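J.: Structure incoming, see below.
Residue numbers (the working numbering), protein chains in the order written: chain A, 1 to 597; chain B, 1001 to 1597.
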């Protein structure tokens, strides 16, 4: 079977045609180059979230207007973005993780829907809202990560279940929020639950039948974490034997966190997948001495075998919940003047990292928000941050409240993905501008119970009253190009286009378009609810469309989403974002925009 | 205090200014003549839902586009419409009946919100979704009818509670879904619960302090129903003593229904309010012999005293649940060639009635849907319908299934209000085209338990596959002018404007604009969810705006709203409307439209 999905699809009408068991890698590689479609949540394997479409551009974007809308029927936080394949759009919702196939030829009429029945007991073990970041497509299947850790493959034509794989156990606090990624003949998925002591892992399931192909843990023995002590490197050097185990006290690694709930990327030429691992558990650093490897780490792995080629730990012995899960954007750019196969990563810890994605060499590590104060800099030889003792939550010991740490636990950026424009060479980063007080306390592990061990309060940096910025970043030099202040964190994912514009959403609910070169605001529209979804684009009937989910929630909006009112609830977010409810209410609506005829 | 609210309001900026204890009648009379505002759910006292605005007209309406949107944070059916007073919009939601004051100068930012805590046990006693049809305004207050029968007056500036009056008891099945109406110094409210044996009443509360001024029952002794046996007339004749009591067996009137949950209207010159009463309880006609007066009746009452001037019972001894609650539209029109102070009423029973609103004289009674078959005609001398025995559910007796009765229980029209254009002279009526099988069964009364006593199935008329039409009607002759077929019932309220267009929403979620003269579709937009709200219009910053709530539900959408699946559930609606979930999902979003700059 010739694996040209695009031509298969174009042969169909409203409904996706099955083209048989094609090699998904070839299909997806081709499909993601077609700007008329949006075949993966990240836009492409490189996570660039860039479209070559320019029908909507900086001159005419002021005329943009909603073309049609669709309520998912679910409230709470709507992260992620729909897919468009042919004339069908696939829209997902937060728990209960409904999936709708919508007919683009008919204003989004429902072709099929998948409404899984899940045990609602999974909700209390989802730390930061009942979010889901979207579905993947490959080989005629739509792949869904359910909150209850069922990975489900649906027939893209009919919505019928093709296979199902159980990836974890919610009774242990294991849940799923991230989107799967299809690479070659496999589906790559992560796991959530860092606040419940869940040991992180990445798992590959066969795209054809859902059988597990491999699983690589984040922490633990070398065979479980799939490293070769001699060949797997960090900062250019072999990591050696028991690289993870020896950085933990006793058996603590078994509940050690390092969950894997961020976005994944893939370099087909290097045949490497990239992702980051989350915080070590518990959040009380006093309780778990050591570097806690490989939490807070960028992994580069072979998708066929799962073996790690290189690693880089950004925040050894995390004391602030600076999860390293944020996406890796792959781009070939000049770095310090030299053309480089770069990997660019905006970490929760407030540093923007540029690495050589082939070797894992650290090239740039600079603060992408001036308020970042927990570390002065990253030592470019060791790769370690130089921690400021005043802001070390470990240094004060348990039950000591360390104040004015910037950024807060939800980082200078969290899950909200950045975009890259090859046209401008800039990265466009939705950021948080939030600081915190952090008080660690002793906690003991019970499966399925919160294993947080810290009380937090969050607020803007001193002298500021805005909780976020949307910035353009030069990853070759580590400098902010421009920065737009936003009243709240920008918790939505960005989209850059060849129309010289960048789109993002705001927590108050605005979809905004700004000039890619200057950041000047060119358009805004108030969608029904706060936006924490990611902007995407496609073409239908010759017209470029822009789509985004609104539905306030996520960690920043957890107070509204879960109805919490105590300021330190929501792991400290409730207090910081309490004013949000003056701007928007809960929702769950897709808005599709285009230019007037 | 000079009671010119409009000038008071215009003196303010975003926030309504208090102008003291003015006479609300004068205020409202003036305010409702200002097309820039929309000060009552019905548009005006006459219930015409007509605007003299013409900036948006039949030539440019094709360019209409959403200007901003607002999610109410609540799912399920959103009936009613927001108010606009000055630069503030007041938006309500279904249970829990949140009210939001939105700043029109700032894309709907929330000025205040009122989020009542109500016992969720009221939900199961709401027969036909947890709807609410909107708030009223008068004397600086926003009046809300809560589901739990609390009538609440809020300070329009601050949202703070001014007074609260308890109008019923949900434990007896008494709930509130309708909008209050402010007349002079009183707030007029009804009661819901006809499916629970609730005896209907209309109650006037003092606008100033919430104290009850009068209450008029629908059924019962003369003093309770506030009639004068000599002066209150039907068909021009005094109704006589015990006009209600003698049409009931024994004490059945005490649980006799005749609830009052429709729209109210008012003629300031005649000083009469008009409203209709609902079905007699139970739905099993065999169980309650007699005419069951004054269920199914149009009442004309003095708003100062509550006394009835005239009555007209449309469906004596109801056998089909043809509630008479649908709105009375007051219009001065030629009837059979003679200029008339008319009252026009599109009844659930499928007849469009034109009466002299001063005398209650019946002038026209014609079918406004050709499928209506339960009666051949209305006898213009007696005012009684000529029932076709084949479709009498009483005639077959209990446990006999009578088939193919048209219309179904939800009528040729239900709560969805019609509009009238003085410019065309036509009435624009959102209709249902649904028939039913009806099987009465014996039921005994228990307070707070369903007292329905009939099993129903619903479906389109034979040979048809569409469940609704949107029609233009000549009330002077009783003829359909034009009729647009719609796939589902048109459960949304219409708006007619001087732009020669009529707006309405569809259950799939389209806001539509059609040519007032011909019905030709000029514009449609797919809102997030099915529309059962009413379209309204106002002006902001010199631009005409059109607004409508989407959020599928109501009786027609009860299957989706309440998650029911058995075909006869939802009093028969679930089966008829089951295809609706292929078009839309639950939502709760206000969409505001305007022309591009």
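Ideal Cβ positions, reconstructed from N, Cα and C, are used throughout, including at glycine. All values reported here derive from a predicted model rather than from experimental measurement.
1. For residue 1052(B), count the other beta carbons within 10 Å of its own beta carbon; 16 or more makes it buried, fewer makes it exposed. Which is it?
2. Name the two residues that bound the continuous beta strand (DSSP E) containing residue 99(A).
3. So, is the C-beta of residue 526(A) closer than 8 Å to a C-beta in chain B?
4. Return no unless some Cβ of chain B is closer than 8 Å to the Cβ of residue 368(A).
5. According to DSSP, residue 1069(B) sits in a beta bridge with which residue or residues?
6. What are the boundary residues of the alpha helix (DSSP H) that residue 242(A) is part of?
7. Determine the extent of the alpha helix (DSSP H) in which residue 561(A) is found, giving its start and end residues.
8. Where DSSP assigns a beta bridge to residue 537(A), which residues make up the other side?
9. Throw me the rounded Cβ distance for the residue 461(A) and residue 453(A) pair, which I believe falls under 8 Å.
10. Between the segment 1395–1403 of chain B and the segment 1364–1382 of chain B, are three or more C-beta pairs nearer than 8 Å?
11. Rounded to whole angstroms, how far is the Cβ of residue 451(A) from the Cβ of residue 196(A), which I believe are closer than 8 Å?
12. Using a Cβ-Cβ distance under 8 Å, would residue 1384(B) count as near chain A?
13. When the cut-off is 8 Å and only beta carbons count, does residue 1080(B) lie next to chain A?
14. Please state if the CB of residue 1488(B) and the CB of residue 1507(B) are separated by a distance shorter than 8 Å.
15. Considering only heavy atoms of the ligand MG, does any lie closer than 7 Å to the CB of residue 524(A)?
16. Give me the residue from 572(A), 264(A), 232(A), 388(A) with the minimum Cα distance to residue 456(A).
17. Three Cβ pairs or more, each shorter than 8 Å: is that satisfied between the segment 1230–1249 of chain B and the segment 1349–1365 of chain B?
18. Going straight from the alpha carbon of residue 1324(B) to that of residue 1219(B), what length do you get?
19. At 4 residues or longer, and completely inside the segment 1074–1131 of chain B: list those alpha helix (DSSP H) runs for me, N to C.
20. Return the chain-ordered ranges of every beta strand (DSSP E) run that is complete within the segment 363–446 of chain A and spans a minimum of 3 residues.
21. DSSP state of residue 59(A), grouped into three classes?
22. When the Cα of residue 1294(B) is compared with those of 1246(B), 1340(B), 1329(B), which residue comes out closest?
23. Taking the straight line between their C-alpha atoms, what separation do you get for residue 1376(B) and residue 1350(B)?
24. Quick check: the segment 175–185 of chain A against the segment 256–270 of chain A, are there 3 or more CB pairs under 8 Å?
25. Relative to the C-alpha of residue 1492(B), which candidate in 1407(B), 1555(B), 1258(B), 1056(B) has its C-alpha closest?
26. Of all Cβ atoms in chain B, is any one closer than 8 Å to the Cβ of residue 596(A)?
27. Assign residue 251(A) to one of three DSSP states: helix, strand, or coil.
28. Beta-carbon separation of residue 1322(B) and residue 1302(B) under 8 Å?
29. Under three-state DSSP, which class holds residue 1194(B)?
30. Show which residues of chain A have a CB atom less than 7 Å away from the CB atom of residue 1586(B).
31. Report back the beta-carbon spacing between residue 311(A) and residue 297(A) to the nearest angstrom; my notes put them in contact at under 8 Å.
32. Quick one: give me the first and last residue of the alpha helix (DSSP H) that residue 46(A) is part of.
33. Classify residue 224(A) as helix, strand or coil using the three-state DSSP reduction.
34. Between residue 1022(B) and chain A, is the shortest Cβ-Cβ distance under 8 Å, so that the two count as touching?
35. Closer than 8 Å by beta-carbon distance: list the chain B residues that pair up with residue 583(A), in chain order.
T.: In short, the structure shows the following:
1. Here the question's residue 1052(B) lines up with position 52 in the second chain. Exposed is the call here.
2. On the first chain, position 99 is the one that residue 99(A) refers to. First-last of the beta strand (DSSP E) with residue 99(A): 99–103.
3. Counting from one through the first chain, the residue named residue 526(A) turns up at place 526. Residue-level contact check: residue 526(A) touches chain B, since one or more beta carbons of chain B fall below 8 Å from its beta carbon.
4. Numbered from 1 along the first chain, position 368 holds the residue referred to as residue 368(A). Chain B contact via Cβ: absent.
5. Against the second chain, residue 1069(B) aligns to sequence position 69. BP columns for residue 1069(B) point to 1591(B).
6. If you number the first chain from 1, residue 242(A) lands on position 242. For residue 242(A), no alpha helix (DSSP H) encloses it, and the DSSP letter there is neither H nor E.
7. Numbered from its first residue, the first chain carries residue 561(A) at position 561. Boundaries of the alpha helix (DSSP H) around residue 561(A): 558–562.
8. Here residue 537(A) refers to the residue found at position 537 of the first chain. For residue 537(A), DSSP records a beta bridge to 546(A).
9. As a first step, residue 461(A) must be located in the first chain, where it is residue number 461. As a first step, residue 453(A) must be located in the first chain, where it is residue number 453. That pair is no contact at about 25 Å.
10. Verdict: no, contact absent.
11. Position 451 of the first chain, counted from the start, is the residue given in the question as residue 451(A). Position 196 of the first chain, counted from the start, is the residue given in the question as residue 196(A). In this structure residue 451(A) is in contact with residue 196(A), their Cβ atoms being roughly 5 Å apart against a cut-off of 8 Å.
12. To locate residue 1384(B), count along the second chain from 1; it is residue 384. Judged by the 8 Å Cβ criterion, residue 1384(B) is not in contact with chain A.
13. Start at 1 with the first residue of the second chain, and residue 1080(B) comes out as number 80. The beta-carbon of residue 1080(B) is placed no less than 8 Å from the nearest beta-carbon of chain A.
14. On the second chain, position 507 is the one that residue 1507(B) refers to. On the second chain, position 488 is the one that residue 1488(B) refers to. It is a contact, given that the beta carbons lie within the stated cut-off.
15. What this structure holds is no ligand at all, so the ligand MG is not there to describe.
16. By 1-based counting over the first chain, the position of residue 456(A) is 456. Of the candidates 572(A), 264(A), 232(A), 388(A), the one whose C-alpha sits nearest the C-alpha of residue 456(A) is 572(A).
17. Contact between the segment 1230–1249 of chain B and the segment 1349–1365 of chain B is present, because at least three Cβ pairs lie under 8 Å.
18. One-based indexing of the second chain puts residue 1324(B) at position 324. One-based indexing of the second chain puts residue 1219(B) at position 219. Rounded to whole angstroms, residue 1324(B) to residue 1219(B) spans 14 Å at the Cα level.
19. Along the length of the segment 1074–1131 of chain B, whole alpha helix (DSSP H) runs at least 4 residues long do not occur.
20. Segments of the beta strand (DSSP E) lying fully in the segment 363–446 of chain A: 375–378, 385–387, 402–405, 427–432, 435–440.
21. Locating residue 59(A) in the first chain gives position 59, where the first residue counts as 1. Coil.
22. In the second chain, residue 1294(B) corresponds to position 294, counting from 1. Nearest neighbour of residue 1294(B) by Cα position, chosen from 1246(B), 1340(B), 1329(B), turns out to be 1246(B).
23. What you label residue 1376(B) is simply residue 376 of the second chain in a count that begins at 1. What you label residue 1350(B) is simply residue 350 of the second chain in a count that begins at 1. Approximately 11 Å between the Cα atoms of the pair.
24. Contact between the segment 175–185 of chain A and the segment 256–270 of chain A is present, because at least three Cβ pairs lie under 8 Å.
25. For the purposes of this step, residue 1492(B) is identified with residue 492 of the second chain, where counting begins at 1. The residue from 1407(B), 1555(B), 1258(B), 1056(B) with its alpha-carbon nearest to that of residue 1492(B) is 1555(B).
26. Within the first chain, numbered from 1, the residue matching residue 596(A) stands at position 596. The beta carbon of residue 596(A) falls within 8 Å of a beta carbon belonging to chain B, placing the residue at that interface.
27. Within the first chain, the letter at position 251 stands for residue 251(A). If DSSP states are grouped into helix, strand and coil, residue 251(A) belongs with coil.
28. Taking the first residue of the second chain as position 1, residue 1322(B) is located at position 322. Taking the first residue of the second chain as position 1, residue 1302(B) is located at position 302. Contact flag unset, no.
29. As a first step, residue 1194(B) must be located in the second chain, where it is residue number 194. Helix, per DSSP.
30. Numbered from its first residue, the second chain carries residue 1586(B) at position 586. Per Cβ cutoff of 7 Å: 71, 73.
31. As a working mapping, residue 311(A) is identified with position 311 in the first chain. As a working mapping, residue 297(A) is identified with position 297 in the first chain. Rounded, the Cβ-Cβ distance is 5 Å, consistent with contact.
32. Counted from its first residue, the first chain places residue 46(A) at position 46. DSSP places residue 46(A) in no alpha helix (DSSP H); its state is neither H nor E.
33. Numbered from 1 along the first chain, position 224 holds the residue referred to as residue 224(A). DSSP places residue 224(A) in helix when its eight states are reduced to three.
34. Position 22 of the second chain, counted from the first residue, corresponds to residue 1022(B). Residue confidence is low: residue 1022(B) scores 43 on pLDDT, short of 50, so the model does not pin down where it sits. Its coordinate-derived value is still stated next. Look at residue 1022(B): its C-beta is not under 8 Å from any C-beta on chain A.
35. What you label residue 583(A) is simply residue 583 of the first chain in a count that begins at 1. Within chain B, the C-beta atoms nearer than 8 Å to that of residue 583(A) come from 1109, 1110, in chain order.
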